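Chemist: Residue numbers (our numbering): 1024 to 1188.
1) Once DSSP output is grouped into helix, strand and coil, what is the label at residue 1153?
2) Cα separation between residue 1091 and residue 1182?
3) So if DSSP puts residue 1124 in a beta bridge, which residue, or which two residues, is it bridged to?
4) Between the Cα of residue 1101 and the Cα atoms of 1180, 1070 and 1059, which residue gives the shortest distance?
5) With a Cβ-Cβ cutoff of 7 Å, do residue 1189 and residue 1097 count as a contact?
6) Pairing CB atoms from the segment 1067-1076 with CB atoms from the segment 1121-1141, are three or more of them under 8 Å?
7) With DSSP collapsed to three states, give me the class of residue 1067.
8) With hydrogens ignored, establish whether the beta-carbon of residue 1070 is closer than 6 Å to any heavy atom of the ligand HEM.
9) Counting pairs of Cβ atoms below 8 Å between the segment 1141-1156 and the segment 1100-1119, do you hit three or more?
10) Which first and last residues belong to the beta strand (DSSP E) in which residue 1049 is found?
11) Can you look up residue 1117 in the DSSP assignment and give me helix, strand or coil?
12) By the DSSP assignment, the beta strand (DSSP E) with residue 1103 in it spans what residues?
13) Where do the ends of the alpha helix (DSSP H) carrying residue 1093 lie?
14) From 1087, 1104, 1121 and 1156, pick the residue whose C-alpha is nearest to that of residue 1051; which is it?
Next comes the structure, spelled out in structure tokens:
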């Protein structure tokens, strides 16, 4: 039977084998982890702060930033830049067991996640070619989604039409 976290005197839960990375999951940390995990979005620190504040009005911005750093160092979340589509912001997602690539539209900023065998083949090729043991792989692919490709083609057609007049 798996061990369960028991409340400590300060209201936090004690570290157990269920706490990945040995990070003690306080109520505030759990709020942030749940938001990152359950929204289905890649959220930046400011958006996380706004959403967390709805759940705990006493939560402050400094706590959110410190907690994100702790969760990252503890291996519970990954910090992503998503090709800096929205400037220098960083986004967070829970560390998943299955590696995936982020496919980012450079036009509208839409982010898709790609899971599949091609990523595993690439990983094996890199390990074999370089004799390198990969512990973590992050892949970002930038381009244009079908909608933005269509908009770009229309813009080019308009520009070509205006230039020929």
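Note that the Cβ used here is the ideal one computed from N, Cα and C, for glycine as well.
This structure is a prediction, so every number in the text was calculated from the model and none was measured.
Modeler: This is what the structure gives:
1) Taking the first residue of the chain shown as position 1, residue 1153 is located at position 130. Residue 1153 carries a helical assignment under DSSP once its states are collapsed to helix, strand and coil.
2) What you label residue 1091 is simply residue 68 of the chain shown in a count that begins at 1. What you label residue 1182 is simply residue 159 of the chain shown in a count that begins at 1. In this structure, the straight-line span from the alpha carbon of residue 1091 to that of residue 1182 is close to 46 Å.
3) Along the chain shown, one-based indexing puts residue 1124 at 101. In the DSSP output, where bridge partners are listed per residue, residue 1124 has 1137 and 1162.
4) Residue 1101 sits at position 78 when you count from the first residue of the chain shown. Among 1180, 1070 and 1059, the Cα nearest to that of residue 1101 is on 1059.
5) What is shown of the chain runs 1024 to 1188, which leaves residue 1189 out entirely.
6) With the cut-off at 8 Å, the segment 1067-1076 and the segment 1121-1141 do not touch.
7) For the purposes of this step, residue 1067 is taken as the residue at position 44 of the chain shown. DSSP places residue 1067 in strand when its eight states are reduced to three.
8) Although the ligand HEM was asked about, the structure shown includes no ligands whatsoever.
9) No, because fewer than three Cβ pairs between the segment 1141-1156 and the segment 1100-1119 fall closer than 8 Å, the two stretches do not touch.
10) Within the chain shown, the letter at position 26 stands for residue 1049. No residue range can be given for residue 1049, since it is assigned to no beta strand (DSSP E) and is classified by DSSP as neither H nor E.
11) On the chain shown, position 94 is the one that residue 1117 refers to. Strand at residue 1117.
12) For the purposes of this step, residue 1103 is identified with residue 80 of the chain shown, where counting begins at 1. Boundaries of the beta strand (DSSP E) around residue 1103: 1100-1103.
13) In the chain shown, the residue the question calls residue 1093 occupies position 70. In the DSSP annotation of this structure, the continuous segment of the alpha helix (DSSP H) that includes residue 1093 starts and ends at 1084-1096.
14) Mapped onto the chain shown, residue 1051 falls at position 28. Measuring from the Cα of residue 1051, the nearest candidate turns out to be 1087.
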